[in-house]
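Novice: Below are the structure tokens for one structure; questions will follow.
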Amino acid sequence: MLAKLKALLTPATTETGDELSDEQRLRIATAALLVEMSRADFSENETERDEISRVLQRHFSLEVEEAGALLTRAADEADASVSLHEFTSLLHNNLDVSEKQRIVEMLWRVALADAELDKHEDYLVRKISELLYLPHSDLMRLKHRVLGELDTGDA
2 MLAKLKALLT
12 PATTETGDEL
22 SDEQRLRIAT
32 AALLVEMSRA
42 DFSENETERD
52 EISRVLQRHF
62 SLEVEEAGAL
72 LTRAADEADA
82 SVSLHEFTSL
92 LHNNLDVSEK
102 QRIVEMLWRV
112 ALADAELDKH
122 EDYLVRKISE
132 LLYLPHSDLM
142 RLKHRVLGEL
152 DTGDA
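The C-terminal residue of the sequence shown carries number 156 in the numbering used here, and the numbering is unbroken.
Given below as structure tokens:
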């Protein structure tokens, strides 16, 4: 309990003790939401984890090792968090609409990576979309875009 309170009151730092840049904080928040998505159906699997790595590499132009390190840090942050709000508020306050839409698209990619959309995954992506203040029409358009790419093999 005290550790969580202390973590909330102290600035986030890197492994070397340096304070994280805004870009690093946004990357961790994005990756933490993707980690939460992979856990939403209570069966975190390698397919979803591989998809998270792929979308992080693509979105942030990372090497495999960098994406792995980001994923590890994000999983730790997700484990320590008490709600999605700490991630979504950071993203909402620092990203424009198109960047938020890109995050929701990445969430759909992770949710659909195992070719099954669990009701908990569907709920979570809807909730995150609401917390990012995106309209429902964007949510559905992005879902259908990802589904269309999966059907044609373009994903």
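Using N, Cα and C, we set each Cβ at its ideal position, and we do this for glycine too. Note that this is a predicted model, so its numbers are computed, not measured.
From the beta carbon of D152, is the nearest beta carbon of chain D less than 8 Å away?
Specialist: Absent here is chain D; the protein component of the structure consists of one chain.
Novice: In the DSSP assignment, find the unbroken alpha helix (DSSP H) run with S90 in it and report its ends.
Specialist: The sequence position of residue 90 within the sequence shown is 89, counting from 1. Residues 86 to 95.
Novice: Of the choices S54, R146, L34, whose alpha-carbon is the least far from that of V126?
Specialist: If you number the sequence shown from 1, residue 126 lands on position 125. When only C-alpha atoms are compared, the closest one is L34.
Novice: CB-CB under 7 Å to F61, same chain, minus the five flanking residues each way: which ones, in chain order?
Specialist: The residue you call residue 61 lines up with position 60 of the sequence shown. The answer, listed in chain order, is R28.
Novice: Can you tell me the Cα-Cα spacing of F43 and E37, whole angstroms?
Specialist: Along the sequence shown, one-based indexing puts residue 43 at 42. Along the sequence shown, one-based indexing puts residue 37 at 36. So the alpha carbons of these two residues sit roughly 10 Å apart.
Novice: From what residue to what residue does the alpha helix (DSSP H) around L71 run?
Specialist: As a first step, residue 71 is located in the sequence shown; it is residue number 70 there, counting from the start. Counting along the chain, the alpha helix (DSSP H) containing L71 begins and ends at 65 to 81.
Novice: Please go through the same chain and pick out, in chain order, the residues whose beta-carbon is closer than 7 Å to the beta-carbon of Y124, but skip the five residues on each side of it.
Specialist: Locating residue 124 in the sequence shown gives position 123, counting from the first residue. No residues qualify anywhere along the chain.
Novice: On a Cα-Cα basis, can you pick out the residue from E24, L21, T31, E49 that is closest to A112?
Specialist: Reading the sequence shown from its first residue, position 111 is the one you call residue 112. The shortest Cα separation from A112 among E24, L21, T31, E49 belongs to E49.
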